[in-house]
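Residue numbers (our numbering), protein chains in the order written: chain Z, 1 to 286; chain V, 287 to 670; chain S, 671 to 762.
We put the beta carbon where it would ideally sit given N, CA and C, even for glycine.
Model, not experiment: these values are computed from the prediction.
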Amino acid sequence: MSDFLSYFRQDNLPHIWCPGCGHGTVTGAIVRAIARKGLDKNKVCIVSGIGCSSRAVGYLDFDTLHTAHGRALAFATGIKLARPELKVIVMTGDGDCTAIGGNHFIHAARRNIDITTIVMNNNIYGMTSGQYSPMTPKGMYGTTAPYGNLERSFDLCELAKAAGATYVGRATSYHVPLLIDLIEAALGNKGFSVVEAMVQCPTYFGRKNKIGGPVEMLEWIKEGTVNVKAAASLPPEKLAGKALIGELHNAPAPEYTADYDELIAKVQRKFDTFQGGLYGCASNSD
Amino acid sequence: MTKPQAKLMQGNEACTLGAFAAGLEFYAGYPITPSTEIAELCSEELPKLGGKFIQMEDEIGSIAACIGASLAGKKAMTATSGPGFSLMQECLGYASLTEVPIVIVDVQRMGPSTGMPTSPAQADLMQARWGTHGDHPIVVLAPGNVRECFELTFRAFDIAESLRVPVIVLMDEIVGHMREKVILPDPATLKPGRRAAPESPAGYKPYAADSDGGVPLMADFGTGYRWHVTGLFHDESGRPTQKAETCDRLLRRLSRKVEKAAPSIESHFEESLEEAEIVVVSFGCSAMSALSAVRRARREGLKAGLLRLKSVWPFPDDLVIRACAGASGVVVPEMNLGQLALEVERSLGGRAPVRRLGKVNGELFRPEEIFEAIASVAGREAAE
Amino acid sequence: MSDQPPKSYLHVIRERYCKGCNICVAFCPKKVLALKSGKVFAERPWLCIGCKMCELRCPDYAIEVRAAEPEPDKGANGAEQDYCLPPEACDD
């Protein structure tokens, strides 16, 4: 039995995703990054929200938490702050993370809490069969954008960086080796890390926008990206409309739960007369 | 330990100290009048106790973080008021279905909407029961004075941990903000309960329990059990399922859990209910005024009695029936347009006429307002 | 080019997992793979260069590429062998 499959709850496989959906590929990439880092399965906790991508945690052999739509990062914040020794990973979709979950996303980034967030961006709400999302490119189609999406989409990585994330990268389900490298680096960052994985949704986004099946969609994704290193030497017109892939931001900063543990130590030293228990604390809270 | 002495204490503070006595280790909240003092005290005292405090970006994040912390093995609490309580409803249902113990304090204020933030009300009673969608059990305790803010918050943790349920402490602006002389129990004499944990990961099933209201063993995340928690209906190993029979069994077990424990959850205060002809049924701040009114009525020869509910959900039908057995009339004073009254009427089933006494102007009942209702129900004009 | 014999690779196929999405077949740089009744198999395993892109890109974990041992064991062609079935269940 392959070492790779040992990270899965195999009696739950095969998984529910459609043939050619990119979520399986990204889930595999996360497992490969975890395996490379040699993380202890008992000390990894993976949290997801709601949506196709969020079903991933059910297949993974860790402490896993499939939460409410958009709230994975808030649940994960509770776990990480309560048990900082755990490696907390959040798997979320473009709608789950940037629409209903947007508020938690920017605040988790602002706090720089050590959570590795993988945003599986298929540009659509897949679970509810094809509505447009904040990551649907302007002009493209969804079942709720029958005349073409009027709205501009986020640049998720710029949003994460601006909000305070200290590691940000983007890759795709075509560029899997790069994706694994970025996830591995994100897992190593003591702070809020975001890896956007552009993935194909052949069933809805591909069909609704006549891009084609899984293979054509991967080619479409490949055409729409350019590596950040290569981009440096490319003329602007070559970069127009392309998403940059690779490591986009890496600036470690003090991590929230580490700072909080320091605060506890400092506070407890200051109140060294503190005898603990009910009356100890109430009386000296000057 | 120092002998416990009397202290002048605010309800919100007593509530927080009750949580500390129960072993609170994690608080996540969001500022909202009239509950903010709870968050402030937690932010100051939890670090001293080695616990964690976080102010989240909204109330949804607050309850979500509490559920996460509880899954990581920490006793967790949040406190809010109407508007925040409304935002917390989805995750409250999540905690109910996934059987994660947490305590939610709702210090009620005049609603709906922004309403009157600094004025008392008791109109979240039905929301506390049915605020979240779908059938679900809920336990709601209602302190009626400062000391009970301590006792019932402590009790809320015990119930949450023993039944793996979210428990709501339903306070109001009066009970939360008033100060009283209080002698709190010595924490050394209190033995806070804790969730029953499994022995070993081998064959651990996070949702296995006998169907008659059994409570499954609960492992902490990060201790080698590697279990799955989902808001979807799930089988005994936590795996999502749509099997009709499994889903039916899960939902009925969840309700049965609280039903079975109802006798031990039930708590109330009563005065001069023996052969009371007019029974006043109330809770929280309104019950304070009701007590004075009942005592005045007795002094003036009216056979009145008071039943003050300290646990409002599950609703104590038998207790209300017993208390009103000899009554020719029941008065239900509350700061809403008749929510407790609905339950009293339902449980009495016509045995006695119920006079609804709803006050919705943001001002606490004056005792004479309740006294006049007692007198009129007793068929006597209010004493000159 | 080194002068040892070209390495050969074993393609472990988990047919129960494969959904025939064709990603591995389309992007294999050496056109090693093909679909047979909706399931992948190594049609020209000798051309495989062991880049493992099929394994990495497979959304369903249905294919794994391993360097074949010098003397290939009897069930060499991974296509027939369904590693999902416990060995004792295979009637080879």
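Residues bridged to residue 227 (chain Z) [DSSP beta-bridge criterion]: Translated into the one-based positions of the first sequence, residue 227 (chain Z) becomes position 227. According to DSSP, which records beta bridges pairwise, residue 227 (chain Z) is partnered with Z:245.
Closer than 8 Å to chain V by CB, residue 37 (chain Z): Counting from 1 along the first sequence, the entry for residue 37 (chain Z) is found at position 37. No, residue 37 (chain Z) does not count as interfacial toward chain V.
Cα-Cα separation between residue 511 (chain V) and residue 478 (chain V), rounded to whole angstroms: One-based indexing of the second sequence puts residue 511 (chain V) at position 225. One-based indexing of the second sequence puts residue 478 (chain V) at position 192. If I take the Cα positions, the gap works out to 25 Å.
Helix, strand or coil at residue 396 (chain V) [DSSP, three-state]: Residue mapping note: residue 396 (chain V) aligns to position 110 of the second sequence, counting from 1. DSSP places residue 396 (chain V) in the strand class (E or B) of the three-state scheme.
Proximity test, Cβ basis, 8 Å: residue 582 (chain V) and chain Z: To locate residue 582 (chain V), count along the second sequence from 1; it is residue 296. Chain Z, which has no Cβ nearer than 8 Å to the Cβ of residue 582 (chain V), makes this no.
Spatial distance of residue 28 (chain Z) from residue 360 (chain V) (CA atoms): The residue given as residue 28 (chain Z) occupies position 28 in the first sequence. The residue given as residue 360 (chain V) occupies position 74 in the second sequence. Computed Cα separation, rounded: 32 Å.
Delimiting residues of the beta strand (DSSP E) encompassing residue 620 (chain V): To locate residue 620 (chain V), count along the second sequence from 1; it is residue 334. Note, residue 620 (chain V): beta strand (DSSP E), 615-620.
Under 7 Å from the C-beta of residue 693 (chain S): neighbouring residues of chain Z: Along the third sequence, one-based indexing puts residue 693 (chain S) at 23. Neighbours of residue 693 (chain S) on chain Z, chain order: 20, 214, 215 and 218.
Stretch pair the stretch 629-649 of chain V + the stretch 686-706 of chain S: three plus CB contacts closer than 8 Å: no
Residues in the stretch 714-726 of chain S having any Cβ partner in chain Z nearer than 8 Å: 723 and 726
Residue interval of the alpha helix (DSSP H) (run including residue 6 (chain Z)): Walking along the first sequence from the start, residue 6 (chain Z) turns up at place 6. Residue 6 (chain Z) -> no alpha helix (DSSP H), and no H or E assigned at all.
Integer Cβ distance of residue 656 (chain V) from residue 515 (chain V), believed to fall under 8 Å: Within the second sequence, the letter at position 370 stands for residue 656 (chain V). Within the second sequence, the letter at position 229 stands for residue 515 (chain V). No, residue 656 (chain V) and residue 515 (chain V) are not in contact; Cβ-Cβ is about 47 Å, not under 8 Å.
Outcome for residue 17 (chain Z) when other beta-carbon atoms lying within 10 angstroms are tallied against a minimum of 16: By one-based count along the first sequence, residue 17 (chain Z) stands at place 17. With 16 or more Cβ atoms within 10 Å of its Cβ, residue 17 (chain Z) is classed as buried.
Closer than 8 Å to chain S by CB, residue 25 (chain Z): The sequence position of residue 25 (chain Z) within the first sequence is 25, counting from 1. At least one chain S Cβ lies under 8 Å of residue 25 (chain Z).
8 Å Cβ cutoff met for residue 316 (chain V) and residue 353 (chain V): To locate residue 316 (chain V), count along the second sequence from 1; it is residue 30. To locate residue 353 (chain V), count along the second sequence from 1; it is residue 67. Contact flag unset, no.
The stretch 337-369 of chain V: positions lying closer than 9 Å to chain Z by Cβ: 337, 338, 339, 340, 342, 343, 344, 346, 347, 348, 349, 350, 351, 352, 353, 354, 355, 356, 357, 358, 359, 360 and 362
Separation of residue 451 (chain V) from residue 350 (chain V), as counted between CA atoms: Against the second sequence, residue 350 (chain V) aligns to sequence position 64. Against the second sequence, residue 451 (chain V) aligns to sequence position 165. Rounded to the nearest angstrom, the two C-alpha atoms are 15 Å apart.
Residue-level contact to chain V via CB, residue 268 (chain Z), 8 Å cutoff: Looking up residue 268 (chain Z) in the first sequence gives position 268. Against chain V, the CB of residue 268 (chain Z) has a partner CB under 8 Å away; the residue lies at that interface.
Minimum Cβ-Cβ distance from residue 249 (chain V) to chain Z less than 8 Å: Missing from the structure shown is residue 249 (chain V); chain V here goes from 287 to 670 and no further.
CA nearest to the CA of residue 45 (chain Z), picked from Z:248, Z:117 and Z:104: Within the first sequence, numbered from 1, the residue matching residue 45 (chain Z) stands at position 45. Residue Z:117 is the option with its Cα nearest to residue 45 (chain Z).
Coarse secondary structure for residue 350 (chain V), derived from DSSP in three states: Mapped onto the second sequence, residue 350 (chain V) falls at position 64. Looking at residue 350 (chain V) - three-state DSSP - the assignment turns out to be helix.
Proximal residues to residue 503 (chain V) (C-beta, below 7 Å), its chain only, five neighbours per side dropped: Residue mapping note: residue 503 (chain V) aligns to position 217 of the second sequence, counting from 1. Only 482, 483 and 484 meet the Cβ criterion.
CB contact flag (residue 513 (chain V), residue 526 (chain V), <8 Å): In the second sequence, counting from the first residue as 1, residue 513 (chain V) sits at position 227. In the second sequence, counting from the first residue as 1, residue 526 (chain V) sits at position 240. No; because the gap between Cβ atoms is not below 8 Å, this pair is not in contact.
Inter-residue Cα distance where the pair is residue 578 (chain V) and residue 653 (chain V): Residue mapping note: residue 578 (chain V) aligns to position 292 of the second sequence, counting from 1. Residue mapping note: residue 653 (chain V) aligns to position 367 of the second sequence, counting from 1. Looking at the two C-alpha atoms, the distance is approximately 6 Å.
Proximity to residue 425 (chain V) [Cα-Cα], best of V:442, V:418, V:581 and V:401: Indexing the second sequence from 1 puts residue 425 (chain V) at position 139. Residue 425 (chain V) has its Cα closest to that of V:442, out of V:442, V:418, V:581 and V:401.
Contact between the stretch 222-240 of chain Z and the stretch 147-162 of chain Z (3+ Cβ pairs under 8 Å): no
Neighbour flag for residue 699 (chain S) against chain Z, beta carbons, 8 Å: For the purposes of this step, residue 699 (chain S) is identified with residue 29 of the third sequence, where counting begins at 1. No - not a single Cβ of chain Z is within 8 Å of the one on residue 699 (chain S).
Minimum Cβ-Cβ distance from residue 731 (chain S) to chain Z less than 8 Å: Along the third sequence, read from residue 1 onward, the residue named residue 731 (chain S) stands at position 61. Yes, its Cβ sits closer than 8 Å to a Cβ of chain Z.
Supposed close pair residue 357 (chain V), residue 507 (chain V) - CB separation, criterion 8 Å: Looking up residue 357 (chain V) in the second sequence gives position 71. Looking up residue 507 (chain V) in the second sequence gives position 221. That pair is a contact at about 5 Å.
Residue 147 (chain Z) burial status per 10 Å Cβ neighbour count (16 or more: buried): By 1-based counting over the first sequence, the position of residue 147 (chain Z) is 147. Exposed, by the Cβ-count rule.
Best match in V:557, V:331 and V:449 for proximity to residue 304 (chain V) [C-alpha to C-alpha]: Within the second sequence, the letter at position 18 stands for residue 304 (chain V). Closest by alpha carbon: V:331.
Nearest-angstrom Cα separation, counted from residue 112 (chain Z) out to residue 162 (chain Z): Taking the first sequence and counting its residues from 1, one reaches residue 162 (chain Z) at position 162. Taking the first sequence and counting its residues from 1, one reaches residue 112 (chain Z) at position 112. The straight-line gap from Cα to Cα measures roughly 12 Å.
Cut-off 7 Å between Cβ atoms - residues of its own chain near residue 204 (chain Z), not counting five sequence neighbours on either side: What you label residue 204 (chain Z) is simply residue 204 of the first sequence in a count that begins at 1. Result list for residue 204 (chain Z): 124, 126, 129 and 130, in chain order.
Residue 116 (chain Z) - DSSP class collapsed to helix/strand/coil: Looking up residue 116 (chain Z) in the first sequence gives position 116. Three-state DSSP puts residue 116 (chain Z) in a strand.
Proximity of residue 208 (chain Z) and residue 143 (chain Z) at Cβ, strictly below 8 Å: Walking along the first sequence from the start, residue 208 (chain Z) turns up at place 208. Walking along the first sequence from the start, residue 143 (chain Z) turns up at place 143. Contact flag set, yes.
Rounded C-alpha distance that separates residue 93 (chain Z) from residue 416 (chain V): Residue 93 (chain Z) sits at position 93 when you count from the first residue of the first sequence. Residue 416 (chain V) sits at position 130 when you count from the first residue of the second sequence. Taking the straight line from one Cα to the other gives about 30 Å.
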